[in-house]
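The structure under discussion appears below in the form of structure tokens.
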């Protein structure tokens, strides 16, 4: 998960600050949890 967090901090946060005119990094929504669900079908 560190790779996703690094990408979020380096690329997504600055882009969101520019797009939504946030004045502080603390205004940008945080990434808290990622859940991946995969169905196995009928077993």
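Numbering (this note's numbering), first residue to last: 9 to 51. Beta carbons are placed, not taken as given, at the ideal position from N, Cα and C, and that holds for glycine.
The beta carbon of residue 15 sits closer than 7 Å to none of the beta carbons in its chain outside the five residues before and after it. The shortest CA-to-CA distance from residue 11 to any of 46, 36, 27 and 42 is the one to 42. When secondary structure is reduced to three states using DSSP, residue 38 falls in the coil class, being assigned neither helix nor strand.
Under the DSSP assignment, residue 23 falls in the alpha helix (DSSP H) whose first and last residues are 21-28.
Here residue 13 has no same chain residue with a Cβ atom under 6 Å from its own Cβ, once five neighbours each way along the sequence are excluded.
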